[in-house]
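Under my numbering, think of the first position of the sequence shown as 240, with each following residue one higher.
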Amino acid sequence: MRRLLADGLWQQFQVEGPVPARASLAIDDAQVMAAGQDGTWDTVLVRFTGRLPGHRSGAQMEDWTFQRPVAATAEPAGRSEPIAEGATAEAASGQECPVCGAPLSLTDDGACRYCGAAARGGLGGWRLVRTAPVQAQESELVRSRSLGSRAGCILAAVILAVALVPTVLALVLTGVIVGFVHQTVSEVTGMGGPPAGGPARLSGQGSFSGAITGDTQGTVVFSGGVTGSCASRAKQFTGVSFTDMESSDGGRKVLLTRATLPAGVEGPGTYDLSTTPLEVSANYAFTPDQAGAQARREAQIWRARSGETRAVLVLRPDGTGKLTVSGLAPALPQPAGSSLGQPLGFTESFSCS
240 MRRLLADGLW
250 QQFQVEGPVP
260 ARASLAIDDA
270 QVMAAGQDGT
280 WDTVLVRFTG
290 RLPGHRSGAQ
300 MEDWTFQRPV
310 AATAEPAGRS
320 EPIAEGATAE
330 AASGQECPVC
340 GAPLSLTDDG
350 ACRYCGAAAR
360 GGLGGWRLVR
370 TAPVQAQESE
380 LVRSRSLGSR
390 AGCILAAVIL
400 AVALVPTVLA
410 LVLTGVIVGF
420 VHQTVSEVTG
430 MGGPPAGGPA
440 RLSGQGSFSG
450 AITGDTQGTV
460 VFSGGVTGSC
470 ASRAKQFTGV
480 SFTDMESSDG
490 GRKVLLTRAT
500 LPAGVEGPGT
510 YDLSTTPLEV
520 SANYAFTPDQ
530 AGAQARREAQ
540 IWRARSGETR
550 AVLVLRPDGT
560 GKLTVSGLAP
570 ALPQPAGSSL
580 GQPLGFTESF
590 SCS
């Protein structure tokens, strides 16, 4: 079940331990509240309504957010290169990570070795990334249309057949959702079909030094806060990633950075690596356009190193913020003279509108 849960949620469940009351929870309804993609992730928000048998208390509602990487274009068939040291057989097949585009090489948890993304999650790549109780004042939110309701009935029927614990529920949902998510994108509120005023949008700029130099705009993705207004997303914030993709020098370059708050921590604030155990990393991959080209694949991972890396993440209540990092240490050996063997530093500013 580990591969069906995002890292932060897995850690949270480990801390909380078993919740016996959830085993007898009966699900009365499940509705798709929002669905869509931002260029990096497919996202589905499902609202569950349940009750405890024999209890007269009101219904309990929770919003569960599922994500999977947006599939990238596969490489041309017939392309082959020697497998780099430490790479898996999956890399030899020509597959790529759907997030960063690097040769597909997975950890035991199904994450890309280069960018850490869930390249192999649950069925269809889906992972449960967040669960949150629905507040009373949110009960008037617009419900999904008929397709979402039909899907909810299917989900409820399956879920009622098993004892509910979070990981089992995740398994059931990942199998069901994958079949209808793309059909619901234009039929539900949220990211798929923008309601009046449109959904909140994230944007960012980065300035890099050391192993990679230059200024660039990139795609910003919040973990935790994936739906709602900027203020709502900021309250649910558990981390941020910044991705820059470009085609130059005869191939495709992908640079991805991420900073993640420790388990159980979320929302606006100033988080300093010296006092808060942030997870900070950066990943780079270069893939030549065609086989036989002079350019060769390149890849590097930078991670925080005690005593050398400095990092400060600032998130404001309106969803704007800044990430400043210096001294990220390279993890992969590089050919002599390659700048990718140097430490990396960067400053990224992001906004929500």
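Where a beta carbon is used, it is the ideal one built from N, C-alpha and C, also for glycine.
The structure presented is a predicted model; accordingly, all values stated were derived computationally and were not measured.
* To do: Grab me the residues of Gly558's own chain with a C-beta within less than 6 Å of its C-beta, minus the 5 sequence neighbours each way, in chain order.
  => Here residue 558 corresponds to residue number 319 of the sequence shown, with the count starting at 1. Excluding the 5 residues flanking it on each side, Gly558 has same chain C-beta neighbours closer than 6 Å at Cys469, Arg472, Ala473, Cys591, in chain order.
* When the Cα atoms are used, what is the spatial distance from Gln299 to Leu345? -> Within the sequence shown, the letter at position 60 stands for residue 299. Within the sequence shown, the letter at position 106 stands for residue 345. Taking the straight line joining both Cα atoms gives about 38 Å.
* To do: Would you list the one or two residues that DSSP bridges to Gln475?
  => Here the question's residue 475 lines up with position 236 in the sequence shown. Looking at the DSSP output, Gln475 shares a beta bridge with no other residue.
* **Inter-residue CB distance, Arg366 and Ala502 (contact presumed, cutoff 8 Å)** => As a position in the sequence shown, residue 366 is number 127, starting the count at 1. As a position in the sequence shown, residue 502 is number 263, starting the count at 1. With a Cβ gap of about 16 Å, Arg366 and Ala502 do not count as contacting.
* **Gly453 vs Gly443 beta-carbon contact at 8 Å** => Within the sequence shown, the letter at position 214 stands for residue 453. Within the sequence shown, the letter at position 204 stands for residue 443. Contact: no.
* **Selected residue, minimal CA-CA separation from Gly467, among Leu248, Gly275, Leu243** => Reading the sequence shown from its first residue, position 228 is the one you call residue 467. Just measuring C-alpha positions, the residue of Leu248, Gly275, Leu243 sitting nearest Gly467 is Gly275.
* Looking only at DSSP bridge pairs, what is Gly445 linked to? -> Position 206 of the sequence shown, counted from the first residue, corresponds to residue 445. Beta-bridge partners assigned by DSSP to Gly445: Thr455, Glu587.
* Contact check, Arg369 vs Gln475, beta carbons under 8 Å -> Along the sequence shown, read from residue 1 onward, the residue named residue 369 stands at position 130. Along the sequence shown, read from residue 1 onward, the residue named residue 475 stands at position 236. Contact: yes.
* Asked: Under 8 Å between the Cβ atoms of Leu445 and Phe287?
  -> Counting from 1 along the sequence shown, the entry for residue 445 is found at position 206. Counting from 1 along the sequence shown, the entry for residue 287 is found at position 48. Here residue 445 turns out to be Gly, not Leu, going by the sequence shown. Not closer than 8 Å, so no.
* **Sheet register partners of Ser486 (DSSP bridge)** => Numbered from its first residue, the sequence shown carries residue 486 at position 247. Secondary-structure assignment with DSSP links Ser486 through a beta bridge to Arg491.
* Taking the alpha-carbon positions, what's the Glu301 to Val271 distance? -> Position 62 of the sequence shown holds residue 301. Position 32 of the sequence shown holds residue 271. As the crow flies, the alpha-carbon of Glu301 is around 12 Å from that of Val271.
* Asked: Can you tell which of Pro574, Gly566, Ala269, Pro527 has the C-alpha that lies nearest to the C-alpha of Gly233?
  -> Outside the shown range of the chain, which is 240 to 592, sits residue 233, and nothing can be said about it.
* Could you give the distance in angstroms between the alpha-carbon of Val373 and the alpha-carbon of Ala269? -> For the purposes of this step, residue 373 is taken as the residue at position 134 of the sequence shown. For the purposes of this step, residue 269 is taken as the residue at position 30 of the sequence shown. Spanning the two alpha carbons is a distance of roughly 13 Å.
* Short check: CB of Val459 to CB of Val479, under 8 Å? -> As a position in the sequence shown, residue 459 is number 220, starting the count at 1. As a position in the sequence shown, residue 479 is number 240, starting the count at 1. Closer than 8 Å, so yes.
* Beta-carbon proximity list for Glu537, same chain, < 6 Å, skipping 5 on both sides -> For the purposes of this step, residue 537 is taken as residue 298 along the sequence shown, with counting starting at 1. Excluding positions up to five away in sequence, the list reads Phe525.
* To do: Tell me whether Ser578 sits in a helix, a strand or coil according to DSSP, three-state version.
  => Looking up residue 578 in the sequence shown gives position 339. In this structure, DSSP gives Ser578 a helical state, which the three-state scheme calls helix.
* **Host beta strand (DSSP E) of Leu567 (start-end)** => Counted from its first residue, the sequence shown places residue 567 at position 328. Note, Leu567: beta strand (DSSP E), 560-569.
* Asked: Shortest alpha-carbon distance to Ala561 belongs to which of Ala550, Gln581, Leu571?
  -> Here residue 561 corresponds to residue number 322 of the sequence shown, with the count starting at 1. The sequence shown places Lys at residue 561, rather than the Ala named in the question. Residue Ala550 is the option with its Cα nearest to Lys561.
* **Every unbroken alpha helix (DSSP H) within the stretch 508-561, with a cutoff of 4 residues, ordered by chain** => Taking only runs of at least 4 residues, no alpha helix (DSSP H) segment lies wholly in the stretch 508-561.
* Asked: Where Leu515 and Val553 are concerned, what is the direct C-alpha to C-alpha distance, given to the nearest angstrom?
  -> Residue mapping note: residue 515 aligns to position 276 of the sequence shown, counting from 1. Residue mapping note: residue 553 aligns to position 314 of the sequence shown, counting from 1. Leu is not the amino acid found at residue 515; the sequence shown has Thr there. For Thr515 and Val553, the distance between alpha carbons rounds to 12 Å.
* Asked: Start and end of the beta strand (DSSP E) containing Glu301?
  -> In the sequence shown, counting from the first residue as 1, residue 301 sits at position 62. Counting along the chain, the beta strand (DSSP E) containing Glu301 begins and ends at 299-308.
* Just the Cα atoms here: how many angstroms apart are Thr455 and Arg290? -> Walking along the sequence shown from the start, residue 455 turns up at place 216. Walking along the sequence shown from the start, residue 290 turns up at place 51. Inter-residue distance for Thr455 and Arg290 is about 50 Å (C-alpha atoms, whole angstroms).
* 6 Å Cβ shell around Tyr523 - same chain, five flanking residues per side excluded -> Translated into the one-based positions of the sequence shown, residue 523 becomes position 284. If you ignore the 5 residues before and after Tyr523, its C-beta comes within less than 6 Å of the C-beta of Leu494, Gln539, all in its own chain and listed in chain order.
* Grouping DSSP H, G and I as helix and E and B as strand, with all else coil, what is Ala470? -> In the sequence shown, the residue the question calls residue 470 occupies position 231. Residue state, collapsed to three classes: helix.
* Collapsed DSSP secondary structure at Leu243 in the structure displayed -> Along the sequence shown, read from residue 1 onward, the residue named residue 243 stands at position 4. Reduced to three states, the DSSP call for Leu243 is helix.
* Report the rounded CA-to-CA distance for Leu595 versus Arg544, giving the unit in angstroms. => What is shown of the chain runs 240 to 592, which leaves residue 595 out entirely.
* The beta strand (DSSP E) enclosing Trp280, as first and last residue numbers -> Within the sequence shown, the letter at position 41 stands for residue 280. Element bounds for Trp280: 280-290.
* Taking buried to mean at least 16 other C-beta atoms within 10 Å of its own C-beta, is Ser520 buried or exposed? -> Taking the first residue of the sequence shown as position 1, residue 520 is located at position 281. Per the 10 Å Cβ criterion, buried.
* Pairwise C-alpha distance: Val283 and Ala395 -> To locate residue 395, count along the sequence shown from 1; it is residue 156. To locate residue 283, count along the sequence shown from 1; it is residue 44. With a pLDDT of only 35 at Ala395, under the threshold of 50, the placement of this residue in the model should not be trusted, and no figure is reported.
* Quick one: measure Cβ to Cβ for Leu517 and Leu500, integer angstroms, because I've assumed they're closer than 8 Å. => Position 278 of the sequence shown, counting from 1, holds the residue named residue 517. Position 261 of the sequence shown, counting from 1, holds the residue named residue 500. Right, their Cβ atoms sit about 7 Å apart.
* To do: Leaving out five residues on either side along the sequence, give the residues of the same chain with a beta carbon under 8 Å from the beta carbon of Gly506.
  => Looking up residue 506 in the sequence shown gives position 267. Correct list, in chain order: Ala473, Lys474, Gln475, Phe476, Leu554.
* **Whole-angstrom C-beta distance between Leu583 and Ile451, which should lie under 8 Å** => Residue numbering aside, residue 451 sits at position 212 when the sequence shown is read from its first letter. Residue numbering aside, residue 583 sits at position 344 when the sequence shown is read from its first letter. Right, the Cβ-Cβ distance comes to about 6 Å (below 8 Å), so this counts as a contact.
* Going by beta carbon distance, what residues of the same chain come within less than 6 Å of Thr509, once the five residues before and after it are set aside? -> The count along the sequence shown starts at 1 and reaches residue 509 at position 270. Take Thr509, set aside five residues on each side of it, and the residues of its chain with a beta-carbon closer than 6 Å to its own are Val553, in chain order.
* Going along the chain, which residues of its own chain have a beta-carbon closer than 8 Å to the beta-carbon of Ala568, five neighbours each way excluded? -> In the sequence shown, residue 568 corresponds to position 329, counting from 1. Short of 8 Å from the beta carbon of Ala568, and not among the five residues preceding or following it, lie these beta carbons of its own chain, in chain order: Trp541, Arg542, Ala543, Arg544, Glu547, Thr548, Pro582.
* **Alpha-carbon to alpha-carbon, Phe481 and Thr496** => Residue 496 sits at position 257 when you count from the first residue of the sequence shown. Residue 481 sits at position 242 when you count from the first residue of the sequence shown. Thr496 and Phe481: Cα-Cα distance of roughly 5 Å.
* Local conformation of Leu367 per DSSP, three classes -> In the sequence shown, counting from the first residue as 1, residue 367 sits at position 128. Here DSSP, grouped into helix, strand and coil, assigns Leu367 to strand.
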